[in-house]
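Student: Okay, handing you the structure first.
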Amino acid sequence: MTSSSDRRSDDELIRAFRTGDGSAMEALFGRYRRAVFGWLLRMSQDEGEAEDLHQEVWLKIIRGIDGYSSGSFRAWLWRVVRNAAADRARKHVAEPILDTPVEEGTDAAAFVDQVPDDTVVSALTRLEEAERRAAVREAVDGLSRRLKEVVLLRLNGELKFLEIADILGLPIGTVLGRMNLALAKLRQALSQKGVA
824 MTSSSDRRSD DELIRAFRTG DGSAMEALFG RYRRAVFGWL LRMSQDEGEA EDLHQEVWLK
884 IIRGIDGYSS GSFRAWLWRV VRNAAADRAR KHVAEPILDT PVEEGTDAAA FVDQVPDDTV
944 VSALTRLEEA ERRAAVREAV DGLSRRLKEV VLLRLNGELK FLEIADILGL PIGTVLGRMN
1004 LALAKLRQAL SQKGVA
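Given below as structure tokens:
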């Protein structure tokens, strides 16, 4: 039985899948599913939409695997992901998503007084880190689609800039320029929120 910890390369798994080894596709799915779903969720900002797109992407991968020639499966996969998301975005007009308010806890000070100091420090550190991550996530979500796409392909897809340029069909200079602009906008947004 093959698992997501399968040590075979992507190309070896594809060859195995083409010869009828269904577990090879399961291994590829296990290897990339979290990153792909995470990217789709960040781009769509809708869990149901991301789930639908995730299924659509993997069906396209399975149906189109014969069109893949060896090289970089990861880059090919991200091209399929990006194109599926772009196709869906063209078909749907995005609706604004409102954040759900978080309820404040009751008498938190009394609870904190009963907890050992090292636990409180650890909890506060985790809370600060979670707030920082939320601020970064919000700043990325505030980017234009073109900038967010480059940032998320780089971060979620762990793709090189040349691979991103190939996927988007853009010159490398344009991709680097978009990344540079995105980083500047992220720095500005985070500094306005007081996040270092």
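For what it's worth, the numbering used here labels the leading residue of the sequence shown as 824, then goes sequentially.
Virtual Cβ for every residue (Gly too), placed ideally from N, Cα, C.
Model, not experiment: these values are computed from the prediction.
Give every residue of the same chain whose Cβ lies closer than 6 Å to the Cβ of Val938, excluding the five residues on either side of it in the sequence, and list them in chain order.
Tutor: With a pLDDT of 47 at Val938, under the threshold of 50, the predicted position of this residue should be treated as unreliable, and no value is reported.
Student: Considering Cα atoms alone, identify which of Leu1004, Arg956, Gly871, Ser895 is closest to Asp833.
Tutor: Comparing Cα positions, the closest option is Ser895.
Student: Please list, in chain order, all residues of the same chain as Val1018 whose beta carbon is under 6 Å from its beta carbon, the five residues on each side excluded.
Tutor: Around Val1018: Arg955, Ala958.
Student: Just the C-alpha distance for Arg865 and Lys914, rounded to the nearest angstrom, thanks.
Tutor: Using only the alpha carbons, I get a separation of about 18 Å.
Student: What are the boundary residues of the alpha helix (DSSP H) that includes Lys983?
Tutor: Where Lys983 is concerned, there is no enclosing alpha helix (DSSP H), given that its DSSP letter is neither H nor E.
Student: For Leu836, count neighbouring C-beta atoms within 10 Å of its own C-beta (all shown protein chains included) and say buried if the count is 16 or more, exposed if not.
Tutor: So Leu836 counts as buried.
Student: To the nearest angstrom, how far is it from the Cα of Leu975 to the Cα of Met1002?
Tutor: Distance between the alpha carbons of Leu975 and Met1002 is about 10 Å.
Student: In three-state DSSP terms, what is Val903?
Tutor: Note: Val903 maps to helix in three-state DSSP.
Student: Take the Cβ of Arg830 as the centre, count every other Cβ of all protein chains shown within 10 Å, and call the residue buried at 16 or more, exposed below.
Tutor: Under this definition Arg830 is an exposed residue.
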